[in-house]
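Using my numbering, the first residue of the sequence shown is number 1, and each one after it goes up by one.
Positions of the beta carbon are idealized from the N, C-alpha and C atoms, including for glycine.
Let me begin by presenting the structure, written as structure tokens, before commenting on it.
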Amino acid sequence: MLLPCYKDDTAMDTAIMIWNKFISYTGLFQNIMSDRDLKFTSALWTNLHNSFGEKLSFSTAYHPQTDGLAEIMIQTLEDMIRRFSAYGLELKYSVGFTHDWCTLIPALQLAYKTSIHSSTGKTP
1 MLLPCYKDDT AMDTAIMIWN KFISYTGLFQ NIMSDRDLKF TSALWTNLHN SFGEKLSFST
61 AYHPQTDGLA EIMIQTLEDM IRRFSAYGLE LKYSVGFTHD WCTLIPALQL AYKTSIHSST
121 GKTP
């Protein structure tokens with residue numbers, strides 16, 4: 001699931017967003033894989049996962065394969081956001097579309113999840 005996040009979001013902001021958008025709909029996770037961002041390595045997250053009995057795993061620091069795969073996904077999503085935003089901007093005045101990228105996330109998520117990836121030949 002894709003959610004709009006901001007660089008200045010705190011660990012608490014991220015925890016509340018994940019609670020409201022994921023856990024409240026799907027239930028608890030068995031395992032969460034994360035990079036080593038401070039939002040996920042804080043005492044808040046450690047305590048939260050321990051209290052729920054979840055396992056919090058981190059990618060290996062400076063591991064090129066893990067970092068490379070994540071970076072490719074991020075670059076793909078950033079490119080899609082730019083394209084979706086530009087398309088929405090062109091249509092804004094004629095049919096009321098918006099170029100606010102946050103409003104485009106559901107369409108972006110659908111496009112990403114249904115696209116066949118060249119490396120695997122499958123959808124995510």
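Check this for me: beta carbons of residue i and residue j, under 8 Å apart or not?
i     : j     : result
ALA86 : TRP45 : no
If you compare alpha carbons, which of the options is closest to residue i?
i      : options                      : result
MET1   : THR26, ASP8, GLU71, THR41    : THR26
GLN109 : GLU54, ASP8, PHE84           : PHE84
LYS39  : SER118, HIS117, THR10, LYS21 : THR10
SER42  : MET17, MET12, SER115         : MET12
ILE105 : ASP8, GLY53, ARG82           : ARG82
LEU150 : TYR6, CYS5, GLY53, LYS7      : Nothing about residue 150 can be read from this structure; the chain reaches only from 1 to 124.
TRP19  : SER115, GLY121, HIS49        : HIS49
CYS5   : SER24, ILE74, THR120         : ILE74
Sorted by chain position, which residues of the same chain lie with C-beta nearer than 8 Å to residue i's C-beta, five sequence neighbours on each side aside?
i      : result
TYR112 : LEU2, THR76, LEU77, MET80, PRO124
ILE23  : PHE29
Within a Cβ cutoff of 6 Å, which residues of the same chain sit near residue i, ignoring the five residues on either side of it in sequence?
i      : result
THR103 : none
How is the alpha helix (DSSP H) around residue i delimited, first residue to last?
i      : result
THR114 : 105-114
THR46  : 43-52
Residues in the same chain with beta-carbon distance under 7 Å from residue i, minus the five sequence neighbours each way, listed in chain order, please.
i      : result
LYS21  : MET1, LEU3
ALA107 : PHE84
MET17  : LEU3
In chain order, what are the residue ranges of uninterrupted beta strand (DSSP E) at least 3 long that sit wholly in the stretch 2-28?
Fully enclosed beta strand (DSSP E) runs of 3 or longer: not present.
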